[in-house]
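Using my numbering, you'd call the opening residue of the sequence shown number 5 and step up by one each time.
Let me begin by presenting the structure, written as structure tokens, before commenting on it.
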Amino acid sequence: MIKIAHVSDLHFHKKAEDNEKALSLLDRIKGAYDFAHDEAYLLATGDIVDDGEISQYNNALTALKPFEEHLLVAPGNHDYGFGGNIFSHDSALLFDNEFLPNLGINFRFMQKQPMVRLLDDGAGTKLLTVGLNSVLETSTVLDFARGGIGKQQLSDLNTILSNPGYADIPKFVYLHHRPQKCIWFLEMVDAEDFMAVMNQNNVSVVAFGHSGGTMRPEEPPQARIMNIIKKEYGVKYLLNANSSVDAQKYYEIVVDNGEVSVSIK
Ligand SMILES: [Fe+2]
5 MIKIAHVSDL HFHKKAEDNE KALSLLDRIK GAYDFAHDEA YLLATGDIVD DGEISQYNNA
65 LTALKPFEEH LLVAPGNHDY GFGGNIFSHD SALLFDNEFL PNLGINFRFM QKQPMVRLLD
125 DGAGTKLLTV GLNSVLETST VLDFARGGIG KQQLSDLNTI LSNPGYADIP KFVYLHHRPQ
185 KCIWFLEMVD AEDFMAVMNQ NNVSVVAFGH SGGTMRPEEP PQARIMNIIK KEYGVKYLLN
245 ANSSVDAQKY YEIVVDNGEV SVSIK
């Protein structure tokens with residue numbers, strides 16, 4: 005059995021009092037799994053820090069260190085730039101070259117190539133996970149907020165997902181920006197092309213964050229579990245964990261004997 009706890013938009017700040025909610029959610033997840041023995045993972049789909057600034061990265065590093073080797077991440081617009089509005093090369097380098105390696109992840113998301121990791125519980129259950137960089141390297145503020153996968157990364161993603169060697173393995177794709185239809189200035193620039201690749205390749209779960217979701221903490225994250233008719237569209241679950249910190253909830257994705265299920269915890 006493989007389990008993934010999905011949170012998003014942790015937005016670590018410099019001051020400790022601004023990080024209490026993110027830390028309490030992570031503490032709860034830490035207590036819910038035996039990370040030393042179980043095939044359990046924490047997934048943080050971007051905006052891990054608020055301004056791509058070094059003291060924020062240090063706080064995030066301390067908080068995420070206990071999940072080392074059991075951690076899946078993707079960059080968000082706030083990780084790569086001040087206030088999530090302006091792309092900063094220095095912030096992107098911090099994320100790729102300092103923050104991730106300190107968590108045992110040696111991968112350069114700035115290259116805009118999919119990060120592939122095949123999870124395997126050693127007892128017959130496997131899950132193909134693919135992380136994407138949806139941050140646009142642009143000085144256009146609105147496009148930066150929208151995000152995009154880009155032609156090359158999308159083509160590489162399609163090649164990976166359609167590999168016959170993965171035909172019988174459930175597929176899980178994660179990114180920061182919202183890939184589904186929404187108001188134009190928040191919709192990923194190549195959302196339709198991306199979702200076509202997801203559906204053609206029968207991806208079971210697409211996990212993300214960035215925007216949307218209720219501001220009422222007692223409610224579960226908004227991208228409630230959306231069951232789409234699998235036969236017709238391929239994708240079974242679209243999970244938006246943008247409001248997971250406010251709601252103090254996370255998605256739990258469980259893969260067992262080739263079956264994928266999702267609940268809110
Ligand atoms: Fe974002």
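All C-beta atoms in this analysis are idealised placements derived from N, C-alpha and C, irrespective of residue type, glycine included.
- Around ligand 1, the residues selected by a Cβ distance under 5 Å to any of its heavy atoms are D51, G80, N81 and H214, following chain order.
- Counting every other CB atom within 10 Å of its CB across the protein chains shown gives Q60 a total of 16 or more, marking it as buried.
- Distance from the CA of F99 to the CA of Q204, rounded to the nearest whole angstrom, comes to 32 Å.
- Pairing H74 with A211 gives a Cβ-Cβ distance that is not under 7 Å.
- Taking one beta carbon from each stretch, the region 129-145 and the region 171-184 have 3 or more pairs nearer than 8 Å; the two touch.
- In this structure, DSSP gives V201 a helical state, which the three-state scheme calls helix.
- Between the beta-carbon of K7 and that of D42 there is about 7 Å, and that keeps the pair under the 8 Å contact cut.
- In this structure S248 is buried. Its beta-carbon is surrounded by 16 or more other beta-carbon atoms within 10 angstroms.
- Comparing alpha carbon positions, the residue from K269, A96, D260 and I268 closest to D124 is D260.
- Sixteen is the threshold: since fewer than 16 other Cβ atoms of the shown chains lie within 10 Å of the Cβ of L122, the residue is exposed.
- Note on geometry: alpha-carbon atoms of K269 and I257 lie some 10 Å from one another.
- If you look at N244, you'll find it isn't in any alpha helix (DSSP H); it sits in the beta strand (DSSP E) that goes Y241 to N244.
- Here H17 is near D54, since their CB atoms are less than 7 Å apart.
- As for any beta strand (DSSP E) of minimum length 3 sitting wholly inside the region 32-58, the runs are 44-49, ordered along the chain.
- For A20, the CB contacts under 8 Å within the same chain, skipping 5 residues up- and downstream, are N63 in chain order.
- With three or more CB-CB distances shorter than 8 Å, the region 140-153 counts as touching the region 91-98.
- Proximity to K155 across W188, E196 and G169 peaks at E196, based on C-alpha coordinates.
- P105 sits away from D160, with the two beta carbons spaced by 7 Å or more.
- With a 10 Å radius around the Cβ and a threshold of 16 neighbouring Cβ atoms, M5 comes out exposed.
- When rounded, the separation of the alpha-carbon atoms in G85 and A96 is 7 Å.
- Membership of H93 in the alpha helix (DSSP H) is indicated by the continuous run H93 to L97.
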